[in-house]
Each structure stands twice: as C-alpha cells, then as structure tokens.
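When you line the sequence shown up against numbering that gives the first Met the number 0, it's residues 0 to 433, in that order.
Glycine included, every Cβ here is placed at the ideal spot set by N, Cα and C.
Just so you know, these numbers come straight off a predicted model, no measurement behind them.
Accompanying notes for the structure given below.
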Amino acid sequence: MSKLKQKLGEKIPEFRDRIVRLMKEYGETEVDKVHIRQLYGGMRGLKCLTTDISYLDPQEGIRFRGYTIPECLKKLPKAKGAEIPYVEGHVYLLLTGEMPSDNDIEDVVEEFKARSRTPQYVFDLLRTMPRDTHPMSMFSAAIVAMQRESQFVKAYNAGISKMEYWKPTYEDVLNLLAKLPEIAAYIYRMKYKADTPIPTNTDLDMGANFAHMMDIGHPYDELSRLYFILHSDHESGNVSAHTTHLVGSTLSDAYYALSAGMNGLAGPLHGLANQEVLRWIQGVMEKMGNKVPNEDELKQFVWDTLKSGQVIPGYGHAVLRQTDPRYTAQRDFALKHLPDDEIFKMVSMLYEVVPPILKEHGKAKNPWPNVDAHSGVIQWHYGVTEYDFYTVMFGVGRAIGVLSNLIWDRAVGQAIERPKSLTTSMLEEIAGIK
Ligand code: HAX
Numbered sequence: 000m001s002k003l004k005q006k007l008g009e010k011i012p013e014f015r016d017r018i019v020r021l022m023k024e025y026g027e028t029e030v031d032k033v034h035i036r037q038l039y040g041g042m043r044g045l046k047c048l049t050t051d052i053s054y055l056d057p058q059e060g061i062r063f064r065g066y067t068i069p070e071c072l073k074k075l076p077k078a079k080g081a082e083i084p085y086v087e088g089h090v091y092l093l094l095t096g097e098m099p100s101d102n103d104i105e106d107v108v109e110e111f112k113a114r115s116r117t118p119q120y121v122f123d124l125l126r127t128m129p130r131d132t133h134p135m136s137m138f139s140a141a142i143v144a145m146q147r148e149s150q151f152v153k154a155y156n157a158g159i160s161k162m163e164y165w166k167p168t169y170e171d172v173l174n175l176l177a178k179l180p181e182i183a184a185y186i187y188r189m190k191y192k193a194d195t196p197i198p199t200n201t202d203l204d205m206g207a208n209f210a211h212m213m214d215i216g217h218p219y220d221e222l223s224r225l226y227f228i229l230h231s232d233h234e235s236g237n238v239s240a241h242t243t244h245l246v247g248s249t250l251s252d253a254y255y256a257l258s259a260g261m262n263g264l265a266g267p268l269h270g271l272a273n274q275e276v277l278r279w280i281q282g283v284m285e286k287m288g289n290k291v292p293n294e295d296e297l298k299q300f301v302w303d304t305l306k307s308g309q310v311i312p313g314y315g316h317a318v319l320r321q322t323d324p325r326y327t328a329q330r331d332f333a334l335k336h337l338p339d340d341e342i343f344k345m346v347s348m349l350y351e352v353v354p355p356i357l358k359e360h361g362k363a364k365n366p367w368p369n370v371d372a373h374s375g376v377i378q379w380h381y382g383v384t385e386y387d388f389y390t391v392m393f394g395v396g397r398a399i400g401v402l403s404n405l406i407w408d409r410a411v412g413q414a415i416e417r418p419k420s421l422t423t424s425m426l427e428e429i430a431g432i433k
C-alpha cells in the first residue's frame, strides 16, 4: 500500500468517530434557517454541505486545510530551483490535512508517475470527435470513457464493505489525477497544434510534465504548478465541486462523478469565465483597432457591456467580497514574469476601472475580480492563445479538490443527496399571502 493511502487509513477512523458523535448526540441541533430568497436564489449562503478540505471566507478568500494561499505557496515543498510548490505536495495536504515533508512528496510524485499513462483507447476516442468539438466536451468524454477502469465498481460488485469504499475510490482518484495532465495536453496539441501530441515524460513532476507536453519552456512549468494549485478547491458549494459530490453520492464512481463536475465547470458563469474574459478583452481591442484602449475608452466599454445586459466576466463572486487571493497570486506571477505584457497592462487597468463602475451600477454584491479575471492573460503570454482551452486547465486543477473530497465522502459514508422541494403555492402559504 502506498504511504499516502496508509496515512489516510490512519486518519479516517478518528474522523469517523467525530462525525458519528455529531450525528448521534447533536443530530437535531439547528445550523441555519432557510429563507424563501435562497430557494429561488441558487441556495446562496445556505449552510447545508460539509468539507474539511477547504473553507472560503468572504473577506479572506480560500484556506486549504487551514492555510491561506500565500501560506501554501510559502510552506509547501518545492522542486530544486523552483519557486512554486509541487502540485503533488498540495494533493498530500488536501488529502491528509498535513504539510508534507520532502520524503512525503517524493512518494506522491512517484505514485503519480507510476499511474500516469493514459490508455490508448482514450486517445482513439478523442480522435473520432470532430475537431471543432469544444475541448471541455473532449475532456469530459475522455474522463467518462475511462470509467471501465474503475476499481470502485469492481470492488462494489465483489461485495466490499461500506467501511472500505474509500480504498478503491482512492485508487480511482489517484489513477485519474495522474492522467488528466496528459489528456489535457493531448487535446491541446491534437486540436490546436497540427495534431502533434507529445508523450508524457515520467521523469518529471506534474507541473513540469504538463509544460513539457504543452511544449512550452520555463517558467511555464512554474505557472502550471501555480495554476493547478490555485484552481484546486473552493469549498463544496461551487457547481463543479457540488456536482461531483452529488453524482458521487449515488455511489457513482470517480469517473462518472468527475465528468459530471467538469460539465458544470464548462458554464460561462463558472469555469468558462476565464475564456470569456479573454474573448471580452479581445473584443475591446478589436473595437479599438487592435490597440490597448486608454482608461476612458475602457470605462465606456465596461458600461456598454453592462447596459447591453451582460456581465463583466471575471468580476463578482457568490461568496467572496474582496479581491480573490487566487487573482492576487496570479498578478504577483505576472508582475514578476510579464510586467510589460500589453494584455496584462489592460487586465491591471481593468482592476482600477471595473470595481468602481460595478459599485455605481449597484447590482453585483462583489465588485472585485475573481480567479478567472487573470488566468487567461498569463496563458496568452506563453502562447496559449486558444482560450477555449483555458477551462480544461482549470479542470485539471479542480479535479484535485473535488476528488480529494470524494475520497473523504466515501470515508465518512456521506449519504445520497436528496433535498426536499416545495411548490410555489406552498411558499405563498408559508409567506401568508395565500
Ligand atoms: N457583471 C455584471 N453584473 C454582475 C456581475 C458582473 N461581473 N456579477 C454579478 N452581477 C449581477 C448579477 O448578474 C445579478 O444580477 P440580477 O439581479 O439582474 O440577476 C446581481 O449582480 C447580483 O448578483 P450577485 O449576488 O452579486 O452574484 P451571484 O452570486 O448571483 O453570481 C457570479 C456570482 C460569479 C455568477 C456573478 O458575479 C457573475 O456572473 N460574474 C461574472 C462571471 C464570472 O466571472 N464567473 C466566474 C466566477 C468564479 C468562478 O466560479 N470561477 O469558476
């Protein structure tokens, strides 16, 4: 058994006891009240999910296992000469709740390498899809195609005990996480780079290997590590995390659950917003005769977008009420590596221009940028100009968080989800207007 799996095996029983106690002794304790506005308003703010892997504070942003993003970037171990930590170390942190040592990371890096080869039939399947298929559809199809590999399904069919569900789920999750960078890079090079996929290099860690398969030099390896870490998890209520959890709650395996989560990520109000940001910025530049607009021109464009009933992509958030620290981490990277990039300058200008306009507009509860406002510009700088692809990279990162949660869902025996619906007449009755 791998050391990471062993570690989880040690942690799970104690954690189960805590939940059993809460359920048995405090099961009737009230946590929150539900308001009618939440029933029609996307359940915003409703406290009805649990996860110990990350927590999103509206002011402070995300904490992974209690660590803020700057703390994670500082404390997680790094490869020799690297400034951004190993993605594999972040996986260790999310799964176990402990900062890994260099030795712990080595084990996880080796475990990922050993599982990284994607079956040929996945590539064959991708090749049968029309080349104008959106890369997120390809990514999701590739994931669900591998469902036949599921160890969970085999174990379940063999009659495994409930208490052991997490073990084959762990196998499915690690097998998936190790392969996603190769699948993503394959889609990219097949679709956009004249069908020239580059084989995986099992000597490299996840971030460096992804950069190698994308055929982009340093510091794209660093950027890839940063990108996958930043996008990994954002509590359980966002659509990709919640969908993965919901589908997984039926005891659907990790392949079905993740593919479903990725379909949710592909919406323009969620993960697709990063491509929308670039599309929108390109639209501004095109309108200006392919030059970077000045501040007044940009303000006008922001107002025009709002007045035409569209949202400003990359701004606003369902929970956050400050600049997203994932935005700030990417801005720090850009300031260091691409301070003179024209589009980065425009993204910076947007940071000055958009929040006051959104405040004046008066609708968005959060006028500040989210993660998606920045991710595209850095990719563009390194030559990844095919912005349809950005959400796939988001998906590789997001898989780390949602699948870590799936292992813990199985470990603690989370129930199948089945909330209750009411009719509008019933709500009118409750409101006393009928
Ligand atoms: N531009 C214009 N209007 C905005 C806005 C924005 N960036 N953000 C919110 N609003 C509007 C909403 O559309 C809503 O209008 P209506 O009352 O007419 O429906 C109003 O302000 C209140 O919305 P809210 O409560 O502030 O925000 P929500 O929780 O409903 O939605 C969203 C959160 C992220 C979906 C929203 O801010 C948005 O559409 N932003 C732009 C798209 C985007 O950047 N999405 C990525 C978010 C991060 C993420 O999940 N990444 O994966």
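Is the CB-CB distance between residue i and residue j below 8 Å?
i           : j           : result
residue 50  : residue 115 : no
residue 91  : residue 83  : no
residue 367 : residue 422 : no
residue 385 : residue 191 : yes
residue 319 : residue 40  : no
residue 399 : residue 345 : no
residue 43  : residue 317 : yes
residue 370 : residue 229 : yes
residue 395 : residue 180 : yes
residue 111 : residue 205 : yes
residue 145 : residue 121 : yes
residue 357 : residue 311 : yes
residue 325 : residue 52  : no
For ligand 1, any of its heavy atoms closer than 7 Å to the Cβ of residue i?
i           : result
residue 358 : no
residue 26  : no
residue 305 : yes
residue 362 : yes
residue 44  : no
residue 101 : no
residue 262 : no
residue 237 : yes
residue 310 : yes
residue 176 : no
residue 268 : yes
residue 371 : yes
residue 316 : yes
residue 282 : no
residue 446 : The structure shown does not extend to residue 446, since the chain spans only 0 to 433, so no value can be given for it.
residue 65  : no
residue 272 : yes
residue 400 : no
residue 313 : yes
Just tell me which of the options has its CA closest to the CA of residue i.
i           : options            : result
residue 235 : 260, 214, 267      : 260
residue 391 : 21, 272, 174, 28   : 272
residue 254 : 342, 178, 108, 58  : 178
residue 354 : 335, 302, 404, 328 : 302
residue 361 : 397, 313, 305      : 305
residue 265 : 157, 133, 300      : 133
residue 214 : 325, 163, 198, 137 : 198
residue 247 : 23, 288, 416, 31   : 416
residue 351 : 388, 162, 380, 293 : 293
residue 420 : 38, 142, 349       : 38
residue 275 : 374, 131, 80       : 374
residue 434 : 204, 203, 219      : Only positions 0 to 433 of the chain appear in this structure, which leaves residue 434 out of reach.
residue 113 : 287, 24, 176, 157  : 176
residue 418 : 46, 129, 193, 25   : 46
residue 130 : 193, 78, 291, 238  : 193
With a CB to CB cut of under 6 Å and the five nearest residues on each side skipped, what residues in its chain are close to residue i?
i           : result
residue 106 : 2
residue 240 : 401
residue 343 : 333, 337, 376
residue 195 : 188
residue 315 : 363, 365
residue 28  : none
residue 340 : 380
residue 388 : 134, 187
Excluding five sequence neighbours on each side, which residues of the same chain lie with their C-beta closer than 7 Å to the C-beta of residue i?
i           : result
residue 332 : 222, 225, 377
residue 242 : 259, 260, 263
residue 208 : 180, 199, 200
Given residue i, which residues of its chain have a CB within under 8 Å of its CB, disregarding the five upstream and five downstream residues?
i           : result
residue 165 : 7, 11, 406, 407, 409, 410
residue 56  : 62
residue 0   : 8
residue 89  : 63, 71, 75, 227, 228, 231, 399
Segment contact, 8 Å Cβ cut-off, at least three pairs: the segment 148 to 155 with the segment 168 to 188: Put simply, the segment 148 to 155 touches the segment 168 to 188. At least three CB pairs are less than 8 Å apart.
Stretch pair the segment 406 to 416 + the segment 6 to 17: three plus CB contacts closer than 8 Å: Judged by pairs of C-beta atoms under 8 Å, the segment 406 to 416 touches the segment 6 to 17, as three or more such pairs exist.
Meets three-Cβ-pair contact criterion under 8 Å: the segment 180 to 196 and the segment 117 to 125: Yes: the two stretches touch, three or more of their Cβ pairs being nearer than 8 Å.
At least three beta-carbon pairs within less than 8 Å, the segment 48 to 64 to the segment 85 to 101: Counting Cβ pairs under 8 Å, three or more are found: they touch.
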